[in-house]
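Input: a single structure, listed below in structure tokens.
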């Protein structure tokens, strides 16, 4: 092989050409990897955005529909053996508590009155009026019906108080309008409201 430029020069040119080739291949590979990484992450991000949008749409839909689907869970004043009374909770209920339930799993304490019943009722009404999630539905000298609505989903629970005929205790009942289980929310609410009421008006004595 005759090379007027010399063998070393030819070999150097060949090495340079191979170097450019490998460099181009490396750059192409990196570009491909970078494009694939970008594509995969854009796809993941798009999926995440679509999922969040769907959940928000579902939440808004439920927020609009829930208040219309629920039925009032308040029992009102009933006659029980000739005495005015709130209702017991339904058998095996997981979303209701009542001071009048014979089942211990759904029973809560009555409020014990230690002063004038009318003043005790006024105190309850005053406390309910100060709670932003509470809405007074019915009130008179003996009976109080208040709804509690969650801010996000709009789930509504009905809470009732009734001054018993002996005028020494206040019956209480709390029940959810929707759902099979309240996860203990009604019981927790009653106990929380109990702490908001002055000790001179009530105690936690079980009837």
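Residue numbers (my numbering): 1 to 207.
Don't be surprised by glycine CBs; every beta carbon is placed ideally from N, CA and C.
(request) For the stretch 110-139, list the alpha helix (DSSP H) runs that are entirely contained and at least 4 residues long, ordered along the chain. (result) 117-129
(request) Kindly indicate which three-state DSSP category residue 150 falls into: helix, strand or coil? (result) By 1-based counting over the chain shown, the position of residue 150 is 150. The answer is coil: DSSP assigns residue 150 none of H, G, I, E or B.
(message) Quick check on residue 104: does DSSP put it in helix, strand or coil?
(response) Numbered from 1 along the chain shown, position 104 holds the residue referred to as residue 104. Looking at residue 104 - three-state DSSP - the assignment turns out to be helix.
(request) Between the Cα of residue 161 and those of 185, 90, 154 and 123, spot the shortest distance and give me the residue it belongs to. (result) To locate residue 161, count along the chain shown from 1; it is residue 161. The shortest C-alpha separation from residue 161 is found at 123.
(request) Report all residues from its chain with a CB closer than 7 Å to the CB of residue 141; omit the five preceding and five following residues, and keep chain order. (result) On the chain shown, residue 141 is found 141 positions in, with the first residue counted as 1. Once the five neighbours on either side are set aside, the close Cβ partners of residue 141 are 118 and 121.
(request) Give every residue of the same chain whose Cβ lies closer than 8 Å to the Cβ of residue 167, excluding the five residues on either side of it in the sequence, and list them in chain order. (result) By 1-based counting over the chain shown, the position of residue 167 is 167. Within the same chain, residue 167 has close Cβ partners 113 and 117.
(message) Let me check understanding here. Comparing Cα to Cα, which of 147, 82 and 177 lies closest to residue 93?
(response) Here residue 93 corresponds to residue number 93 of the chain shown, with the count starting at 1. Of 147, 82 and 177, the residue nearest in Cα terms is 177.
(message) Between 100, 57, 71 and 95, which has its C-alpha nearest residue 78's C-alpha?
(response) Within the chain shown, the letter at position 78 stands for residue 78. It is 100 whose Cα lies nearest to the Cα of residue 78.
(message) For residue 83, count the other beta carbons within 10 Å of its own beta carbon; 16 or more makes it buried, fewer makes it exposed. Which is it?
(response) Reading the chain shown from its first residue, position 83 is the one you call residue 83. Burial call: exposed.
(request) Can you say whether residue 40 is buried or exposed, counting buried as having 16 or more other CB atoms within 10 angstroms of its CB? (result) By one-based count along the chain shown, residue 40 stands at place 40. Under this definition residue 40 is an exposed residue.
(message) Could you tell me the alpha carbon to alpha carbon distance between residue 131 and residue 196, rounded to whole angstroms?
(response) Sequence index remark: in the chain shown, residue 131 carries index 131 (1-based). Sequence index remark: in the chain shown, residue 196 carries index 196 (1-based). Taking the straight line joining both Cα atoms gives about 11 Å.
(request) Can you tell me which of the three DSSP states residue 188 falls into? (result) Within the chain shown, residue 188 is the residue found at index 188, counting from 1. Reduced to three states, the DSSP call for residue 188 is helix.
(message) Among the candidates 102, 81 and 85, whose CA atom is the shortest distance from the CA of residue 91?
(response) For the purposes of this step, residue 91 is taken as residue 91 along the chain shown, with counting starting at 1. Of the candidates 102, 81 and 85, the one whose C-alpha sits nearest the C-alpha of residue 91 is 102.
(message) If you reduce the DSSP assignment to three classes, tell me which class residue 36 lands in.
(response) Working through the chain shown from its first residue, we reach residue 36 at position 36. Three-state DSSP puts residue 36 in a helix.
(request) For the beta strand (DSSP E) containing residue 160, list its first residue and its last residue. (result) Within the chain shown, numbered from 1, the residue matching residue 160 stands at position 160. Run containing residue 160: 156-163, per the beta strand (DSSP E) assignment.
(request) Give the single residue among 153, 135 and 96 whose Cα lies nearest to the Cα of residue 147. (result) Here residue 147 refers to the residue found at position 147 when the chain shown is read from its first residue. Among 153, 135 and 96, the Cα nearest to that of residue 147 is on 135.
(message) Less than 7 Å separating the Cβ of residue 140 from some heavy atom of the ligand GTP?
(response) Summarising the ligand content, the structure contains no ligands, and the ligand GTP is consequently not present.
(request) Run through the stretch 67-96 for me and flag every whole alpha helix (DSSP H) of 4 or more residues, listed as ranges in chain order. (result) none
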